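Scroll down for the structure; my scribbles are underneath it.
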Amino acid sequence: MVVMVNGTPKEVVQKLSITDLIRTLDLPTEGIAIALNGTVVLRKEHTNTTVQENDDIEIIRAVAGG
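Per this note's numbering, the sequence shown runs over residues -3 to 62.
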């Protein structure tokens, strides 16, 4: 299935949790925020939140600096 990740279409397997998506994208589990279709998904909900076809996912990474 195809989902949008930060404005880019990504082909992913069905029944993928946010946690699995983070692993698939090779991202760290700390220091990121996830919005699914415009709604922030709390970290404690990442495992239980499943990505659906055509979902719009925004991933924001915290970066140190000034």
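Using N, Cα and C, we set each Cβ at its ideal position, and we do this for glycine too. Since this is a predicted model, take the numbers as computed values, not measurements.
Are the beta-carbon atoms of E41 and I18 separated by less than 9 Å?
-> no
Per DSSP, M0 forms a beta bridge with which residues?
-> Checking the DSSP bridge columns, you'll see M0 partnered with P5, D52.
By Cβ distance below 6 Å, which residues in the same chain neighbour A31 in space, the five residues on each side in sequence not counted?
-> E54
For N50 and T43, the rounded distance between their alpha carbons = Spanning the two alpha carbons is a distance of roughly 19 Å.
Buried or exposed: which applies to V9, given that a residue is buried once 16 or more other Cβ atoms fall within 10 Å of its Cβ?
-> Under this definition V9 is an exposed residue.
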